[in-house]
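First the structure, in the form of structure tokens, and then the observations on it.
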Amino acid sequence: MRTPDLNGGTGGFGWPMVNHPAHATAVTRQAASGKTVSALLHR
């Protein structure tokens, strides 16, 4: 996991916010660009 970028604008904050409370996660790359992040959360 990378350190969040506070100055360069490349982010890094979203993954810890999703991954920490999640029971399981999956990242699927899209053909054109980008990605889809899926998370299974406990109730």
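Numbered by my numbering, the letters in the sequence shown go through residues 1156 to 1198 in order. The C-beta atom is built at its ideal place from N, Cα and C for all residues, glycine as well. Quantities reported herein were computed from a predicted structural model and do not represent experimental measurements.
Among residues of its own chain, excluding the 5 on either side of residue i, which ones have a beta-carbon nearer than 7 Å to its beta-carbon?
i     : result
A1181 : S1193
For residue i and residue j, which I take to be in contact (beta-carbon distance under 8 Å), what is that distance rounded to the nearest angstrom?
i     : j     : result
L1195 : P1176 : Incorrect: roughly 10 Å between the Cβ atoms, too far for contact.
Taking the Cβ atom as the reference point for each residue, do residue i and residue j lie within a distance shorter than 8 Å?
i     : j     : result
K1190 : R1198 : no
Once you ignore the five residues that flank residue i on each side, which residues in its own chain have a CB closer than 6 Å to its CB?
i     : result
H1178 : L1195, H1197
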